[in-house]
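Engineer: Using our numbering, read the sequence shown as starting at -13 and increasing by one per residue. Please read through the structure below; I'll follow up with questions.
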Amino acid sequence: MIAVDGVRSIRYPHSNAAALMTFTIFAIAAVTWAALGETCPYCAAMDGRSVSTGTNFFRPDGAEPLGFRTDIQHPPIHGGCDCQIVPS
Ligand SMILES: [Zn+2]
């Protein structure tokens, strides 16, 4: 799914999954969460956090406010999330 946000940007939610796959193939040891664009408080809190490649940033616990129900190894974490993962 591609979300179009006015004329500012076109977001490709699956690009971070492809990036993670590429980092794994090239044995990048760790990835860092990079908040971009108009950052919400949740994404701002994630900015700069690093995990070993393939490790979850979040585990599903249903806790509020975002209530994840799946493992989160990369952005987006909500609709309109502009975040990216980058090699550490
Ligand atoms: Zn975000």
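Just so it is clear, CB atoms sit at the ideal spot from N, CA and C, and this is done for glycine as well.
Please name the residue or residues paired with A20 in a DSSP beta bridge.
Structural biologist: Indexing the sequence shown from 1 puts residue 20 at position 34. Q70, per the DSSP bridge assignment.
Engineer: Just mark F43 as buried or exposed, buried being the case when its beta carbon has 16 or more other beta carbons within 10 Å.
Structural biologist: Within the sequence shown, the letter at position 57 stands for residue 43. Looking at its Cβ environment, which holds 16 or more other Cβ atoms inside 10 Å, F43 is buried.
Engineer: Just how far apart, CA to CA, sit D(-9) and P61?
Structural biologist: Taking the first residue of the sequence shown as position 1, residue -9 is located at position 5. Taking the first residue of the sequence shown as position 1, residue 61 is located at position 75. Note that D(-9) has pLDDT 47, beneath the 50 cutoff, so the model's placement of it is unreliable and the number below is only indicative. If I take the Cα positions, the gap works out to 17 Å.
Engineer: Work out the CA separation of G40 and A4 for me, nearest whole Å.
Structural biologist: Mapped onto the sequence shown, residue 4 falls at position 18. Mapped onto the sequence shown, residue 40 falls at position 54. Using only the alpha carbons, I get a separation of about 12 Å.
Engineer: Helix, strand or coil for L6 per DSSP?
Structural biologist: Residue 6 sits at position 20 when you count from the first residue of the sequence shown. Helix, per DSSP.
Engineer: Count the other CB atoms within 10 Å of the CB of M7; is the residue buried (16 or more) or exposed (fewer)?
Structural biologist: Reading the sequence shown from its first residue, position 21 is the one you call residue 7. M7 is exposed by the Cβ-count criterion.
Engineer: Buried or exposed: where does I11 fall if 16 or more other Cβ atoms within 10 Å of its Cβ makes it buried?
Structural biologist: Taking the sequence shown and counting its residues from 1, the one referred to as residue 11 is at position 25. With fewer than 16 Cβ atoms within 10 Å of its Cβ, I11 is classed as exposed.
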